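Just so we're aligned, residue 0 is where the sequence shown starts under numbering that gives the first Met the number 0, counting upward by one. All residues carry an ideal CB built from backbone N, CA and C; glycine is no exception. These numbers come from a predicted model, not from an experiment.
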Amino acid sequence: MPDAADPAPMNAPSRRKFRREGEERRRQDLIDATLDSVAEHGLQGATVRTIALRAGVTAGLIRHYFPGKEDLLQEAYAALMGRMTEQAKAALALEDASPRQRLAAFVTANLNAPIIDQRVFSLWATFIGRAGADPSLARAHREGYLGFRNEVEAVVAEVLAAERRKPDAAELRHHAIAINAIIDGLWIEGCLAGEMFSPGELAAIGIKAVEAELGLGPLVQEK
């Protein structure tokens, strides 16, 4: 009920034209409109009404796809984290690349645009600030974190196997946690103060830290 009284500009310039391209496409449009609304208005200001205006649909249509605002926010946060992971995974699809080169490309992708992005960081920080008090967001965060960490663990396992090393599950988990922390820390720095770093500097630091964590020589050979 409170949504009906929520103020929102009737001539919102960035209203998204809702596409008729099937159920999944409609859900994605609503998720995108939610992320846009959270970026502009924050979690409290991103009401069902403002999201509907952004998407160019009725609030009733939103409720057809999502039972309530909390469900929509959970899906939006999961989508945000999932997209970041997919962007990083794309760097692993290098033809004729060695496991070392794939790992270096993965770290580099995480520490450059479009993953390093002030808007993405602002959205992530907004959601994570609420996760401690919102079980649905906490669940989305846990799933996103574990999904990314599993990707790290998989590529690390490939690298160590190529080195004829046979780490057990506990060692792989340890490496994945540490490398995730390295990437996260440098990602935050890049998002908050990217202008302070030269092009490629954060990625180079990240690669060196990962080499040290895994006890490897250079992942990328100097030319």
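For residue i, the three-state DSSP class (helix, strand or coil)
{"i": "P217", "result": "coil"}
{"i": "D35", "result": "helix"}
{"i": "R163", "result": "coil"}
{"i": "N109", "result": "helix"}
{"i": "D133", "result": "coil"}
{"i": "I115", "result": "coil"}
{"i": "F196", "result": "coil"}
{"i": "V154", "result": "helix"}
{"i": "A103", "result": "helix"}
{"i": "S97", "result": "coil"}
{"i": "P147", "result": "The sequence given here places Phe at residue 147; Pro does not occur at that position. Helix, per DSSP."}
{"i": "G189", "result": "helix"}
{"i": "R48", "result": "helix"}
{"i": "T84", "result": "helix"}
{"i": "F126", "result": "helix"}
{"i": "V56", "result": "coil"}
{"i": "A90", "result": "coil"}
{"i": "G184", "result": "helix"}
{"i": "G21", "result": "coil"}
Cβ-based burial, residue i [other Cβ within 10 Å; buried from 16]
{"i": "D28", "result": "buried"}
{"i": "I176", "result": "exposed"}
{"i": "R141", "result": "exposed"}
{"i": "S197", "result": "exposed"}
{"i": "E74", "result": "buried"}
{"i": "N10", "result": "In this predicted model, N10 has a pLDDT of only 39, less than 50, meaning its place in the structure is not dependable; the value taken from the coordinates is given anyway. Exposed."}
{"i": "D70", "result": "exposed"}
{"i": "M80", "result": "buried"}
{"i": "D35", "result": "buried"}
{"i": "G21", "result": "exposed"}
{"i": "A139", "result": "buried"}
{"i": "A132", "result": "exposed"}
{"i": "E152", "result": "buried"}
{"i": "L136", "result": "buried"}
{"i": "M83", "result": "buried"}
Integer Cβ distance of residue i from residue j, believed to fall under 8 Å
{"i": "V119", "j": "I206", "result": "Their Cβ separation, rounded to whole angstroms, is 22 Å, which puts V119 and I206 out of contact at 8 Å."}
{"i": "W186", "j": "I115", "result": "6 Å"}
{"i": "E212", "j": "H174", "result": "6 Å"}
{"i": "L122", "j": "V37", "result": "6 Å"}
{"i": "I178", "j": "V155", "result": "7 Å"}
{"i": "L110", "j": "L201", "result": "4 Å"}
{"i": "A161", "j": "P98", "result": "5 Å"}
{"i": "L218", "j": "R129", "result": "L218 to R129, Cβ: 37 Å. No contact."}
Closer than 7 Å: residue i CB and nearest the ligand PLP heavy atom
{"i": "G143", "result": "Judged by which ligands are present, the structure shown has none, so any question about the ligand PLP falls away."}
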